[in-house]
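A.B. asks: Before anything else, here's the structure in question.
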Amino acid sequence: MSETLDSLLDTLAAYPATEDAACFTLPPAAYTDPGLFALEKERIFSREWLLIGRANDIPDAGDWFTFQVLDDPMLIVRGTDGRIHALSNVCRHRYMPVALEERGNDKRFVCAYHGWVYGTDGRLVAAPLMEGSTGFEKGRCALPEYRLEEWQGFLFINLDDAAAPLAPQLREADAMLANYKTHELVTGFAYDTIWEGNWKLATENGMEFYHHMGLHGTTLEADLPARTATMDPAPPSGRFTHTRCRYAPQSLDRADGFGNWPRPHCSFSEPERTTAYAIGLFPNISLAMSTATLNWLSFIPLTPERTRVIGGFIVAPEMAGDAGVMAASNDLVYRVNEEDAQATWRLQQVMRSTKAAAGPLNVREGTVAQFYKYLARTLEPERARGMNVAAE
Ligand code: FES
Ligand SMILES: [Fe+2]
């Protein structure tokens, strides 16, 4: 283990015993160090449930899209049986990706190399001219399948075949989302791009409203002033963070932007009706919502300093029918995402400065402190436990 990684893990291990309000940011090396990145891939991204899309973006049998997580290319396809499969997008003959495009609709996938044909459930249905190949058994050449679960209309995959099921881990989040009826929401626009920064910078940014007063000064601050941000208590499961930001009185019933379009069949509590609500699902997911809209982002690391960002602005079906409101809302949310992308890039640029030093978190950034605690207990739980014992 390098000296840098050892020191980063020591720093991380001290977070769990530190009050949220007393926490500082991670050291700059946490956003550049290849050793920490390798450990994150092994302990987090190879084991945790990762959000890769929305089920209602592939509504029909045969609808598919390709997606890559770490070194694993996947073919996500709704089968003719209606079930969504996450298939390995690597041919069982000589490794050619079976689907070469980003998305489509097909009942059969024909490999471009030698023409092997797979069904939407991954089974090999035909392999031309294989007579005489004594090692060939059609039944043993299906595309392997990854674990996939649907939660609140979101699709999650897991690279770990032995991972515990996702749904029971998110019961507290289900309770928090119940009134929002998130599974009903439909896509206003989809977002898929690269942010030039470490995945943790992007994730932290999506967890707090404090930055409205600077970064989103002209886009969000008037409607959702940073000073009104409050922390909801961390859930006992430690599975996510959540925080709210109160609408300015004149903005409360505006339908555009992060809107509160009427949803007559829903009933919302007073805090739900009067605030924007952000859930940070560990490890890398931001869900920012109002009563009728939700902006979701999932940060998939590519390198220590590059992140693929997928997401979408999803809205109540009633609101999706109003073209004018949708155009204004899509435009606003897109601009906000771009501001967040810019911040991530700007932060990444300075992480090798010899004078850059960790700074104190605001009380409205308790969510960020909780994220660091998650990293500590996930990346090296023994060390975090050791530090806790020492602190007692
Ligand atoms: S690699 Fe796919 S058919 Fe040969
Ligand atoms: Fe932001």
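The numbering used here puts the first residue of the sequence shown at 5, with every later residue one more than the last.
Think of the CB as a built atom: it goes at the ideal place given N, C-alpha and C, for glycine as much as any other residue.
Since the model is a prediction, treat every value here as computed from it, not as a measurement.
Taking 8 Å as the cut-off, is the C-beta of His-215 nearer than that to any heavy atom in ligand 2?
C.D. replies: yes
A.B. asks: I want to check one thing, is the minimum distance from the CB of Ala-131 to the heavy atoms of ligand 1 below 8 Å?
C.D. replies: yes
A.B. asks: Going by C-alpha distance, which of Trp-199, Glu-52, Asp-37, Arg-356 is nearest Ala-168?
C.D. replies: Glu-52
A.B. asks: If I measure Cβ to Cβ from Val-372 and keep anything under 7 Å in the same chain, skipping five residues before and after, which residues do I get?
C.D. replies: Glu-208, Met-211, Glu-212, Leu-365
A.B. asks: Assuming Phe-71 and Ile-80 make a contact with CB atoms under 8 Å, what is their CB distance in whole Å?
C.D. replies: 6 Å
A.B. asks: So Ala-282 packs on Ser-290, CB below 8 Å; how close in whole Å?
C.D. replies: Between Ser-290 and Ala-282 the Cβ distance is about 7 Å, and since that is below 8 Å, they are a contact.
A.B. asks: Below 8 Å, how does it come out for the region 173–180 and the region 241–249: are there three or more Cβ pairs, yes or no?
C.D. replies: yes
A.B. asks: With H, G and I counted as helix, E and B as strand and the rest as coil, what does DSSP make of Gly-242?
C.D. replies: coil
A.B. asks: Using 8 Å as the cut-off, classify the Cβ of Asp-227 as near or not near the heavy atoms of ligand 2, replying yes or no.
C.D. replies: No; taking the cut-off as 8 Å, the Cβ of Asp-227 has no heavy atom of ligand 2 nearer than that.
A.B. asks: May I have all residues whose beta carbon comes closer than 5 Å to any heavy atom of ligand 1, sorted in chain order?
C.D. replies: Cys-95, His-97, Arg-98, Met-100, Cys-115, Tyr-117, His-118, Trp-120
A.B. asks: Do Phe-160 and Leu-54 have their beta-carbon atoms positioned less than 9 Å apart in this structure?
C.D. replies: In this structure, Phe-160 lies closer than 9 Å to Leu-54 by Cβ.
A.B. asks: Using 9 Å as the threshold, is the C-beta distance between Thr-311 and Gly-201 below it?
C.D. replies: yes
A.B. asks: Just to check my reading of the structure: Ala-230 and Tyr-214 have Cβ atoms closer than 8 Å, yes? What is that Cβ distance to the nearest angstrom?
C.D. replies: At roughly 5 Å, the Cβ-Cβ gap stays under 8 Å, so Ala-230 and Tyr-214 are in contact.
A.B. asks: Could you pull the start and end residues of the alpha helix (DSSP H) that Pro-408 belongs to?
C.D. replies: Residue 408 lies beyond the stretch modelled for the chain, which goes from 5 to 396, so this question has no answer here.
A.B. asks: Under 8 Å from any heavy atom of ligand 2, does the C-beta of His-246 make it?
C.D. replies: False, no ligand heavy atom lies under 8 Å from that Cβ.
A.B. asks: What are the boundary residues of the alpha helix (DSSP H) that Tyr-338 is part of?
C.D. replies: 327–353
A.B. asks: Hey, Thr-297 and Phe-317 are a contact pair by Cβ (cut 8 Å); roughly how many whole angstroms apart?
C.D. replies: With a Cβ gap of about 7 Å, Thr-297 and Phe-317 count as contacting.
A.B. asks: Run through DSSP, which three-state label would Arg-203 get?
C.D. replies: Before going on, a small fix: residue 203 reads as Trp here, not Arg. If DSSP states are grouped into helix, strand and coil, Trp-203 belongs with the helices.
A.B. asks: Tell me whether the region 31–46 and the region 149–159 touch, counting them as touching only if at least three CB pairs, one residue from each stretch, are closer than 8 Å.
C.D. replies: These segments do not touch.
A.B. asks: Could you check how far apart the C-beta atoms of Asp-125 and Gly-83 are, in whole angstroms? I think they sit under 8 Å.
C.D. replies: The pair is a contact, with the Cβ atoms about 5 Å apart (cut-off 8 Å).
A.B. asks: Can you tell me whether Glu-343 sits near ligand 2, meaning its C-beta is under 8 Å from at least one heavy atom of the ligand?
C.D. replies: yes
A.B. asks: Using a Cβ-Cβ cutoff of less than 7 Å, which residues in the same chain neighbour Pro-77 once the five nearest sequence positions on both sides are dropped?
C.D. replies: Around Pro-77: Thr-70, Asn-93, Val-94, Pro-101.
A.B. asks: Pair every Cβ in the region 376–394 with every Cβ in the region 12–29, then say whether three or more of these pairs are closer than 8 Å.
C.D. replies: yes
A.B. asks: Report the residue from Pro-31, Phe-303, Thr-278, Gly-66 whose alpha carbon sits nearest the alpha carbon of Ala-206.
C.D. replies: Just measuring C-alpha positions, the residue of Pro-31, Phe-303, Thr-278, Gly-66 sitting nearest Ala-206 is Phe-303.
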